[in-house]
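Residue numbers (my numbering): 62 to 388.
Note that beta-carbon positions come from the ideal geometry of N, C-alpha and C, so glycine has one too.
Read through the structure below, which is laid out as structure tokens, and then see the notes.
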Amino acid sequence: MPAPLLSAADYAQGLAAGQRGVLARAITLVESTLPRHQILAQQVLQAVLPRTGGAVRVGITGVPGVGKSTFIEALGLHIVEELGQKLAVLAIDPSSPQGGGSILGDKTRMPALAAHPRAFIRPSPAGGSLGGVARATREALLLCEAAGYDVIFVETVGVGQSEVAVHGLVDFFLLLLLAGAGDELQGVKRGIMEMADALLITKADGGNEAAAARAARDYASALHLFPPAASGRVVPVGTCSALTGAGLPEAWQAVRDYAAHTQASGYWAARRAQQQVQWLDEAVRQALEAQFYGRAAVQGALAATRQAVAGGQLTPWAAAGQLLALG
Ligand SMILES: Nc1nc2c(ncn2[C@@H]2O[C@H](COP(=O)(O)OP(=O)(O)O)[C@@H](O)[C@H]2O)c(=O)[nH]1
Ligand SMILES: [Mg+2]
């Protein structure tokens, strides 16, 4: 039995008090696709809006196996224990199966962080389109901020479009890479490299240190061929080991330096403002789509129209026009 719904004011109050149980329930609410849940979710988000925006939002991407979860556990412990800050970890994994997703398995890979009172780990919402998952993750991020989390990590599965979605959610986008694995093997497309605010070669330990340092130099010189980052910042390239802890404080310092410089230059706020507008566009697109496919007349005609398009009797554009004309 799911826990009963609270009133919008009670969610807001529980979040303001930093109650983890209320945060978890509020995230479940924003993930729900039921219209009455969505209405309540928007009331909660609106109520807590003034308390949001205070966290440093960091996206972490890289191919499966590069070491994202292990890195998050190690860097996360540095943040919660040594720096004394509150950390939330969210994930974008549109392919995740019903009932969990990879980060749930990751919870067992982040045992110390999962058990830490200043850390909050939440699996990706199960199933659903990338657009839907990204929206739920963005709203979860705002709820975590309302609950007083200082740092938010958003982990991607590192395949396909999810990096682009995460980039639209965060202040800082960190790309993790393996030494000597080859860009193609790692699915590192030029576009992903260009979005990165820092590159970090993982697993620089156990005799792999020199190869990692070499890879870092190679990537640094490859980055010179790219146009300068929109932030105006040089994209740092470093190495790290989640096992030994080497390079982790430096990696976090790079994020803090970036925050300090771009907050002073105005780029930080400009990037967030641009993201907000993108989310407006996305919300309109999703709402129009839901409205369109929700119409009884469209539902009635859809199968036959699809068949006519598949069979070549009707062009897709003519078919779309016909469906849109159905009131
Ligand atoms: N030697 C070494 N192994 C690591 C390091 N970080 C992760 N691994 C290993 O790499 C594998 C994949 O790590 P994981 O964090 O699950 O990668 P993810 O799929 O990107 O989340 C696991 O077997 C880890 O133990 C590291 O810093 N050094
Ligand atoms: Mg992982």
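Considering residue i, what are the terminal residues of the beta strand (DSSP E) in which it resides?
i       : result
Val-212 : 212–217
Gly-299 : 298–300
Rounding to the nearest angstrom, what Cα-Cα distance links residue i and residue j in this structure?
i       : j       : result
Gly-162 : Thr-366 : Because Gly-162 sits at a pLDDT of 45, beneath the cut-off of 50, its placement in the model cannot be relied upon, and the following sentence gives the value as read from the coordinates. Those two C-alpha atoms are separated by around 35 angstroms.
Ala-108 : Glu-200 : 13 angstroms
Gly-450 : Leu-235 : The structure shown has nothing for residue 450, since the chain only spans 62 to 388.
Leu-375 : Ala-386 : 15 angstroms
Gly-327 : Pro-65  : 43 angstroms
Ala-364 : Asp-342 : 28 angstroms
Ala-369 : Gln-347 : 26 angstroms
Gln-159 : Ala-187 : With a pLDDT of only 48 at Gln-159, under the threshold of 50, the placement of this residue in the model should not be trusted; the figure read from the coordinates follows. Cα to Cα, Gln-159 sits roughly 5 angstroms from Ala-187.
Arg-332 : Ala-362 : 42 angstroms
Ala-357 : Leu-349 : 15 angstroms
Val-359 : Ala-259 : 47 angstroms
Ala-371 : Gln-335 : 39 angstroms
Asp-266 : Leu-144 : 24 angstroms
Phe-287 : Ala-277 : 16 angstroms
Arg-275 : Asp-318 : 24 angstroms
His-285 : Ala-273 : 19 angstroms
Gly-115 : Gly-137 : 18 angstroms
Glu-311 : Gly-373 : 59 angstroms
Gln-352 : Gly-388 : 11 angstroms
Ser-185 : Leu-90  : 14 angstroms
Gln-337 : Val-345 : 12 angstroms
Arg-251 : Pro-172 : 34 angstroms
Arg-86  : Gln-314 : 33 angstroms
Ala-307 : Leu-84  : 33 angstroms
Ala-69  : Gly-355 : 27 angstroms
Gln-99  : Arg-183 : 19 angstroms
Trp-378 : Gln-146 : 53 angstroms
Val-189 : Leu-384 : The sequence shown places Gly at residue 189, rather than the Val named in the question. Cα-Cα distance, rounded: 24 angstroms.
Glu-255 : Val-296 : 10 angstroms
Trp-329 : Ala-380 : 44 angstroms
List the endpoints of the continuous alpha helix (DSSP H) containing residue i.
i       : result
Val-119 : It is not in any alpha helix (DSSP H) - Val-119 instead sits in the beta strand (DSSP E) that spans 117–122.
Ser-223 : 223–228
His-98  : 96–109
Phe-132 : 129–138
Val-338 : 328–355
Glu-143 : Looking at the DSSP string, Glu-143 is not in any alpha helix (DSSP H), and its letter there is neither H nor E.
Thr-198 : 191–207
Arg-396 : Nothing can be reported for residue 396: it is not among the residues displayed for the chain, which extend from 62 to 388.
Gln-74  : 69–77
Gln-374 : That residue, Gln-374, is in no alpha helix (DSSP H); it is neither H nor E in DSSP.
Leu-387 : It is not in any alpha helix (DSSP H) - Leu-387 carries neither H nor E in the DSSP assignment.
Asp-279 : 270–284
Ala-303 : No alpha helix (DSSP H) contains Ala-303, which DSSP labels as neither H nor E.
Leu-66  : Taken as a continuous stretch (DSSP letters only), Leu-66 belongs to no alpha helix (DSSP H), as it is neither H nor E.
Ala-175 : 172–176
Tell me residue i's beta-bridge partners as DSSP assigns them.
i       : result
Leu-260 : Leu-236 and Val-298
Phe-181 : Ala-149
Out of the options, which one is the CA nearest neighbour of residue i?
i       : options                               : result
Glu-224 : Gly-268, Leu-239, Ile-253 and Gly-209 : Ile-253
Ser-93  : Ala-197, Gly-192 and Val-83           : Ala-197
Leu-239 : Asp-258, Asn-269, Tyr-210 and Ala-226 : Asn-269
Val-141 : Gly-123, Ala-175, Val-124 and Gly-126 : Ala-175
Thr-113 : Gly-145, Glu-206, Leu-95 and Ile-100  : Glu-206
Ile-129 : Asp-258, Lys-264, Ala-380 and Arg-97  : Checking the displayed sequence, the identity of residue 129 turns out to be Lys instead of Ile. Cα-wise, what sits closest to Lys-129 is Lys-264.
Cys-237 : Pro-178, Gly-123 and Gln-339          : First, the amino acid is wrong: residue 237 is Leu here, not Cys. Out of Pro-178, Gly-123 and Gln-339, Gly-123 has the C-alpha closest to the C-alpha of Leu-237.
Gly-209 : Gly-75, Val-345, Gly-382 and Ala-344  : Gly-75
Ala-102 : Arg-81, Val-119 and Leu-67            : Leu-67
Leu-191 : Ala-344, Ala-180 and Ala-226          : Ala-226
Asp-211 : Val-117, Met-171, His-177 and Ala-271 : Val-117
Ile-262 : Gly-126, Gln-104 and Pro-184          : Gly-126
Arg-81  : Ala-180, Trp-313, Ala-195 and Ala-381 : Ala-180
Leu-309 : His-98, His-139 and Ala-380           : His-139
Gln-193 : His-177, Val-83 and Leu-95            : According to the sequence shown, residue 193 is Gly rather than Gln. Comparing Cα positions, the closest option is Leu-95.
Gln-222 : Pro-178, Ala-271, Asp-154 and His-177 : Asp-154
Ala-271 : Arg-251, Ile-121 and Gly-241          : Gly-241
Ala-195 : Val-296, Trp-340, Ala-173 and Gln-104 : Trp-340
Gln-104 : Gly-79, Asp-71, Val-119 and Gly-120   : Asp-71
Gly-120 : Pro-377, Ala-330, Pro-178 and Val-316 : Val-316
Pro-178 : Val-296, Ala-380 and Gly-79           : Gly-79
Quick check: the stretch 287–304 against the stretch 319–337, are at least 3 beta-carbon pairs closer than 8 angstroms?
yes
Cβ contact check for the stretch 187–202 and the stretch 223–238: 3 or more pairs under 8 angstroms:
yes
Three-pair Cβ contact test at 8 angstroms for the stretch 104–124 versus the stretch 267–286
no
Are the stretch 300–311 and the stretch 119–133 touching by the rule of at least three beta carbon pairs closer than 8 angstroms?
yes
Meets three-Cβ-pair contact criterion under 8 angstroms: the stretch 141–152 and the stretch 203–218
yes
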